[in-house]
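First up is the structure itself, then whatever we jot down about it.
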Amino acid sequence: MSNKPTRVRFAPSPTGYLHIGSARSALFNWLYARHSGGKFILRIEDTDQKRLVEDALDDFAAGLRWLGCQWDEGPEAGGDFGPYFQSQRLPHYRQWANWLVDHGHAYRCYCTEERLAQVREQQTAAKEQTGYDRHCRYLTPEQRAQHEAAGAPFVVRLAVEPLDGSTTFHDAIRGDITFEHSLLQDAVLLKSDGWPTYHLAAVVDDHLMEISHIMRSDEWLSSAPLGVLLYQAFGWEPPVWAHLPVILNPNGKGKMSKRHAVGADGKSIPVLLKEYIADGYLPEAMANFLANVGWNLDGSTEVFTPEQAIAAFDIAAINPSPAAFPYDKLVWLNGVYIRQLGDDDLYQRLLPFVAAGVGISVEAMAARPELRPAVPLIKERIKTLDEAAPMLDFFFVDGVLAYPDPQALVGEKMSTAQTAEVLQRSAATLASLSSFDHESIEAALRALADDLGLKIRQLLHVVRVAVTGTKVSPPLFETIVILGRERVLARLAAAAEAVASQQ
RNA sequence: GCCCCCAUCGUCUAGUGGACCAGGACACAGGCCUUUCAAGCCUGCGACAGGGGUUCGAAUCCCCUUGGGGGCACCA
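So the first sequence is numbered by the numbering used here: it starts at 3 and just counts up by one.
Structure (structure tokens):
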């Protein structure tokens with residue numbers, strides 16, 4: 003099996019949107035495919051018709067592309083092993099289910115839901131292990147014929163064999179795993195509606211699609227024995243199994259759910275990849291981050307490229323223990339990646355976020371002169387793209403600012419009269435400048451502070467609140483330049499007036 | 001309840017019998033820088049779950065306990 007070409011797959015069920023944990027599974031598979039020069043296959047496991055979510059497929063495709071995990075075969079990409087939707091592969095499952103029945107490895111079970119419930123009830127009452135009692139496995143040919151003649155609905159169940167003893171299989175991450183046959187269920191392979199369950203469909207497809215390595219979530223470990231038995235029953239060469247550790251909530255309590263996760267501080271954090279995209283995380287940061295959960299480049303390098311990860315990726319090096327989602331580290335890493343971006347690049351990525359935050363169209367934002375020069379001012383101040391808008395919104399107010407709380411304009415340890423004077427003198431100083439650039443403005447304002455007997459920080463605090471409306475802003479001198487003399491003077495005057503009215 | 005998996009700083013991790021009085025990163029704390037806030041730099045805090053073995057020697061191997069996680073569907 004070592005000389006087979008590497009073919010790995012990501013096989014999501016379109017019953018919801020792409021979960022951050024699933025995204026990591028996809029990334030690991032993709033990384034391994036690229037590492038070994040093999041193929042990465044996307045297969046859609048849509049056998050549960052009741053739980054389908056309309057636009058889930060689009061979400062998977064968009065999410066995978068965003069992350070950089072382009073699949074070689076699957077929906078849209080095509081390939082020689084299609085179709086890649088299980089809903090279009092029903093004949094295969096029926097054929098192989100029948101094959102199992104014909105060869106004595108599976109059987110038709112005619113038990114009704116009522117009987118199953120009854121059995122369960124009795125087992126519970128007797129404090130026995132619950133599970134199917136294999137009633138139909140031992141039906142006589144006559145009884146069987148009777149059910150068939152009556153047209154009774156049936157499911158196909160795996161006939162676990164032998165009933166005692168144990169089987170050991172190898173997991174590439176955890177080593178050998180042994181399970182007792184006596185604990186195994188005669189699991190349903192084909193449902194009464196003729197559709198396969200996961201167990202059958204996955205094994206048939208993995209074999210037919212010549213999947214070499216099954217890298218999937220830890221949650222499947224318990225049912226892995228079923229897969230092993232199925233491969234044995236079919237007489238097929240099994241793939242390499244590798245069960246990825248689950249990702250826990252950031253507080254370490256329980257696996258990250260599908261709906262919401264609890265942060266270390268008790269607040270909830272996003273669980274869907276689309277939410278992280280919407281929050282302004284960069285795909286390169288997300289990929290880097292995800293690769294660092296359960297795996298690592300060399301134990302000390304935190305920031306690395308996909309190429310580095312591909313070169314070093316090794317299934318056996320994956321950490322088998324569950325990991326709490328290190329959300330804080332994602333935020334930090336994203337900041338690192340943002341700071342590494344060129345100004346033009348960051349500007350392009352910021353455009354839609356700031357436009358949305360300010361409430362105008364992307365085209366309108368692109369036409370404004372303020373955003374591009376402001377980019378270098380905020381680059382090292384944001385950790386996600388969506389943090390930019392609230393930091394820059396004052397740039398996109400065309401006239402003067404509203405000061406709902408004029409008291410906030412008053413400088414620390416200053417009177418209102420003093421503040422008004424600072425405002426007026428600052429305006430006068432800036433109005434008199436022959437050249438309205440950073441150096442001139444800084445020199446003039448510093449001189450003014452001296453003149454007024456104020457520390458520069460005191461003066462700038464007052465000017466800052468007047469000009470930007472906030473106590474925390476991008477560097478003031480550059481901000482003043484971008485805003486332009488006219489708007490700055492107007493705001494200074496308006497602020498002075500607002501302060502004066504406080505007296 | 002039963003079965004399976006896992007166990008190094010709060011968190012992500014390095015460590016595969018001696019180079020480990022356990023390294024890196026995030027977070028946190030202090031300092032420097034400084035027009036606010038960041039960023040950056042420096043320093044600090046901080047872990048081998050417990051108990052038995054094996055061995056000259058154990059974070060590393062074995063066993064038990066404890067703790068955490070996952071699974072027990074005609075869902076995947």
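All C-beta atoms in this analysis are idealised placements derived from N, C-alpha and C, irrespective of residue type, glycine included.
Predicted, not measured: the structure shown is a model, and the values here were computed from it.
Identify the residues that DSSP records as bridge partners of Pro378: which are they?
Note: Pro378 sits in no beta bridge, so no partner.
Over the uninterrupted beta strand (DSSP E) stretch that includes Ile43, give me the two end residues.
Counting along the chain, the beta strand (DSSP E) containing Ile43 begins and ends at Lys41 to Leu44.
Tell me the rounded alpha-carbon separation between Val338 and Lys385.
So the two alpha carbons sit approximately 8 Å from each other.
Within a Cβ cutoff of 8 Å, which residues of the same chain sit near Ala263, ignoring the five residues on either side of it in sequence?
Asn251, Pro252, Ser270, Ile271, Pro272, Val273 and Phe327
Report all residues from its chain with a CB closer than 6 Å to the CB of Ala314; omit the five preceding and five following residues, and keep chain order.
Counting only Cβ-Cβ distances below 6 Å, and skipping sequence neighbours, we find Leu299.
Extent of the continuous alpha helix (DSSP H) to which Tyr109 belongs
If you look at Tyr109, you'll find it isn't in any alpha helix (DSSP H); it sits in the beta strand (DSSP E) that goes Ala108 to Cys111.
Span of the beta strand (DSSP E) around His245
Val242 to Leu246
Can you name the residues that DSSP bridges to Pro198?
Its beta-bridge partners are Leu192.
Which residue from Phe181, Asp347 and Ile216 puts its Cα closest to that of Ala35?
Ile216
Residue range of the unbroken beta strand (DSSP E) whose run includes Glu182
Gly177 to Glu182
Determine the closest residue to Thr170 out of Asp195, Gly229 and Met211, with distance taken between C-alpha atoms.
Considering only alpha carbons, the answer is Gly229.
Just curious, the beta strand (DSSP E) that Ser168 is in, first and last residue?
Ser168 to Asp173
Under three-state DSSP, which class holds Met258?
Looking at Met258 - three-state DSSP - the assignment turns out to be coil, as it is neither helix nor strand.
Provide the residue(s) that pair with Gly76 in DSSP beta bridges, ordered along the chain.
Bridge partners of Gly76: Gly80.
Nearest candidate by alpha-carbon position, reference Ser475, set Ser442, Glu221, Phe396 and Glu499
Phe396
Among Asp316, Trp222, Asn290 and Ala318, the one whose alpha carbon lies nearest that of Pro308:
Asn290
Enumerate, from N- to C-terminal direction, the unbroken alpha helix (DSSP H) stretches of 4 or more residues contained entirely within the region 404-463.
418-434 and 440-454
Let me know the secondary structure DSSP gives Asp211 once reduced to three states.
Note on residue identity: the sequence assigns Met, not Asp, to residue 211. Reduced to three states, the DSSP call for Met211 is coil.
Outcome for Val158 when other beta-carbon atoms lying within 10 angstroms are tallied against a minimum of 16
buried
For Ser4, which residues of its own chain have a beta-carbon under 7 Å away from its beta-carbon, when the five flanking residues on both sides are left out?
Legend: pLDDT at Ser4 = 49, less than 50; position of this residue unreliable, value from coordinates given subsequently. Taken in chain order, the list of residues that qualify is empty.
With three or more C-beta pairs closer than 8 Å as the rule, is the region 276-290 touching the region 65-74?
As far as the Cβ criterion goes, the region 65-74 touches the region 276-290, which means the pair count is three or higher.
Less than 8 Å between the C-beta atoms of Gln51 and Asp207, yes or no?
no
Compute the Euclidean distance between the alpha carbons of Pro392 and Ile362, then round it to the nearest angstrom.
14 Å
Looking at the strands, I want to know which residues DSSP matches up with Arg139.
Listed as beta-bridge partners of Arg139 by DSSP are no residues whatsoever.
Bridge partners of Ala326, per DSSP?
Looking at the DSSP assignment, Ala326 forms a beta bridge with Leu250.
Give the range of the beta strand (DSSP E) segment to which Phe12 is assigned.
Arg9 to Phe12
Which same chain residues, not among the five before or five after Pro2, have their C-beta less than 6 Å away from its C-beta?
Because the chain spans 3 through 505 in this model, residue 2 falls outside it and cannot be assessed.
Could you tell me the distance, in whole angstroms, from the CA atom of Val424 to the CA atom of Gln460?
Rounded to the nearest angstrom, the two C-alpha atoms are 10 Å apart.
Spatial neighbours of Phe398 within its chain, please: CB distance less than 6 Å, with the 5 preceding and 5 following residues excluded, ordered by chain position.
Val360
Which residue comes first and which comes last in the alpha helix (DSSP H) that contains Val364?
Val364 to Ala369
Do Gly40 and Thr8 have their C-beta atoms within less than 8 Å of each other?
The answer is yes: Cβ separation under 8 Å.
Identify whether Ser4 lies in helix, strand or coil by the three-state DSSP scheme.
Its pLDDT being 49, under 50, Ser4 is placed unreliably in this model, and the coordinates cannot settle the point.
Who are Phe87's beta bridge partners in DSSP?
In the DSSP output, where bridge partners are listed per residue, Phe87 has Ile46.
Suppose the cutoff is 6 Å on Cβ atoms and the five residues either side in sequence are ignored; what does the same chain contact list for Thr418 look like?
Val412, Val501, Gln504 and Gln505
Taking 7 Å as the cut-off, does the CB of Gly265 come closer than this to any heavy atom belonging to the ligand MN?
For the structure depicted, the ligand MN is absent and the ligand set is empty, with no information on it obtainable.
Can you look up Leu160 in the DSSP assignment and give me helix, strand or coil?
Here DSSP, grouped into helix, strand and coil, assigns Leu160 to strand.
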